[in-house]
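Have a look at this one:
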């Protein structure tokens, strides 16, 4: 039995054409990358493995409560309760999402709709195009986020989370937000730190006997990382294209995470 999974890109056509990174026999006319996957035997998780499918976590290091819920419209929602930050992320099945974070009077909202990312903070808004190289949009987003207390609080919390929280179903979704904020603030080193974390996750999954859904997720993200590295190498001659490569990578990672949740058949409460 063979299944086909499509990770819809269809964005940043100019970047992809310039780099040629994703050009392959598997690429369709709309730029969708299809990956052949073979189902693995599903093994009932032992107690040590159940963290991969936990939907509610109280972080052992910070005390933050992290929760994943579903909705009647098939959207997924991740919420964080912590004294210094109010955080909510809603992800739609088509890849659109919105993130809302507040610390005291500082409110940041990020909304991805199709090929546009809108970043708003306290009445100021920047729009980044995901369909083309958009240095101006990235510069504006960096200005909007400069000095944000909410961003500082979220990134400080995310950096302190225990491994068990990071590796839970809702915890994984927080890392992509941290990576996005890093890119928008010019901190691309976040990508390499996340790669190191993923390697550690893979090792722990293998050591505990494996989880087919998580392993598929990790393999997809690793493949996306390899494409990201090649993309950055090929466009290093032009400022702004590297960030474009990273945004494409994040879109693929978000898609893989959504499929991971569906594959795991995690019983979600309605938010």
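Residue numbers (my numbering): 45 to 315.
No residue lacks a Cβ here, since even glycine has one placed at the ideal position from N, Cα and C.
For residue i, which three-state DSSP category applies?
i, result
"residue 312", "coil"
"residue 114", "strand"
"residue 148", "coil"
"residue 120", "strand"
"residue 302", "helix"
Just reading off the alpha helix (DSSP H) that residue i is part of, what are its end residues?
i, result
"residue 99", "Element bounds for residue 99: n/a, residue is neither H nor E."
"residue 229", "Premise fails: residue 229 is in no alpha helix (DSSP H) and is neither H nor E."
"residue 169", "Segment 168-173 is the beta strand (DSSP E) holding residue 169; no alpha helix (DSSP H) there."
"residue 188", "179-189"
"residue 194", "193-204"
"residue 209", "207-210"
"residue 258", "256-278"
Cα separation between residue i and residue j?
i, j, result
"residue 101", "residue 212", "8 Å"
"residue 90", "residue 215", "Here the model assigns residue 90 a pLDDT of 44, short of 50, so the residue's position is not dependable, and the following value carries that caveat. Whole-angstrom Cα-Cα distance: 20 Å."
"residue 297", "residue 204", "22 Å"
"residue 150", "residue 190", "12 Å"
"residue 114", "residue 281", "43 Å"
"residue 265", "residue 308", "16 Å"
"residue 200", "residue 222", "10 Å"
"residue 121", "residue 302", "11 Å"
With respect to the beta strand (DSSP E) encompassing residue i, which residues constitute its N-terminal and C-terminal limits?
i, result
"residue 164", "160-165"
"residue 130", "129-135"
What does a CB cutoff of less than 7 Å around residue i pick up in its chain, not counting 5 residues either side in sequence?
i, result
"residue 155", "142 and 162"
"residue 276", "286 and 289"
Sorted by chain position, which residues of the same chain lie with C-beta nearer than 6 Å to residue i's C-beta, five sequence neighbours on each side aside?
i, result
"residue 146", "130 and 194"
"residue 227", "287 and 290"
"residue 261", "300 and 304"
"residue 125", "109"
"residue 104", "206"
"residue 112", "99, 122, 213 and 214"
Taking contact to mean 3 or more Cβ pairs, one atom from each stretch, closer than 8 Å, check whether the stretch 168-181 and the stretch 133-147 are in contact.
no
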